[in-house]
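So the structure is just underneath, and the comments pick up after that.
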Amino acid sequence: MEPEELDAVVKIIETVEFKDVEINQDGQAPIHAHLYGREEFKEGQIGYRVDADWNSILGDEEGDWQDDWYVIGYNLDTGDPLFVDVTEVEFPVFTAENGKGEWNPTRLFNSLDDVINHVKEGDS
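Counting from 1, one number per residue, gives the positions in the sequence shown under full-length UniProt numbering.
Below is the structure:
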């Protein structure tokens, strides 16, 4: 079962016309990202929240993918996921390096709104 906050997350993402975007970061290189629309959101969780057969792969240990994390897209240059923590009201946005065997999140933005405010829309 998915929390009601996910509808709010998807609605915020849908304010961006294009899904391939450049997210500007103050003093850092921009992130070239693909953001999931409503139609991609569920499948975007494969490999993070669920496996290819839709079995949960969540864990409670440090380094496991946590129940409150939802992938909202990915970095087009690295393939690393961009995800939100739905337990925090502003939906902070994180990334973590893919393929390391454990997830060590790095906070990119304090809120999903910050991401949208820093987006330069692409041509996709």
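For glycine and all other residues, C-beta sits at the position ideal for the given N, C-alpha and C.
Can you grab the Cα-Cα spacing for the pair Gln-25 / Thr-95, in whole Å?
Locating residue 25 in the sequence shown gives position 25, where the first residue counts as 1. Locating residue 95 in the sequence shown gives position 95, where the first residue counts as 1. Between Gln-25 and Thr-95, the C-alpha separation is close to 14 Å.
Rounded C-alpha distance that separates Asp-60 from Thr-87
The residue you call residue 60 lines up with position 60 of the sequence shown. The residue you call residue 87 lines up with position 87 of the sequence shown. For Asp-60 and Thr-87, the distance between alpha carbons rounds to 15 Å.
What's the gap between the Cα of Asp-114 and the Cα of Glu-90?
The sequence position of residue 114 within the sequence shown is 114, counting from 1. The sequence position of residue 90 within the sequence shown is 90, counting from 1. Cα to Cα, Asp-114 sits roughly 9 Å from Glu-90.
Relative to the C-alpha of Val-84, which residue among Glu-62, Asn-98, His-32 and Asp-67 is closest?
Counting from 1 along the sequence shown, the entry for residue 84 is found at position 84. Residue Asp-67 is the option with its Cα nearest to Val-84.
What are the partner residues of Asp-20, as DSSP defines its beta bridges?
In the sequence shown, counting from the first residue as 1, residue 20 sits at position 20. For Asp-20, which the question treats as bridged, DSSP gives the partners His-34.
Closest Cα partner of His-32 within the set Glu-102, Glu-97 and Gly-79:
To locate residue 32, count along the sequence shown from 1; it is residue 32. The shortest Cα separation from His-32 among Glu-102, Glu-97 and Gly-79 belongs to Gly-79.
Pick helix, strand or coil for Gly-99, following the three-state DSSP scheme.
In the sequence shown, residue 99 corresponds to position 99, counting from 1. Of the three classes helix, strand and coil, the one that applies to Gly-99 here is coil, per DSSP.
Please report the residue range of the alpha helix (DSSP H) in which Asn-117 lies.
Translated into positions along the sequence shown, residue 117 becomes position 117. Start and end: 112 to 117.
Alpha-carbon spacing of Val-119 relative to Asp-53, whole angstroms:
For this step, residue 119 is matched to residue 119 along the sequence shown. For this step, residue 53 is matched to residue 53 along the sequence shown. Between Val-119 and Asp-53, the C-alpha separation is close to 34 Å.
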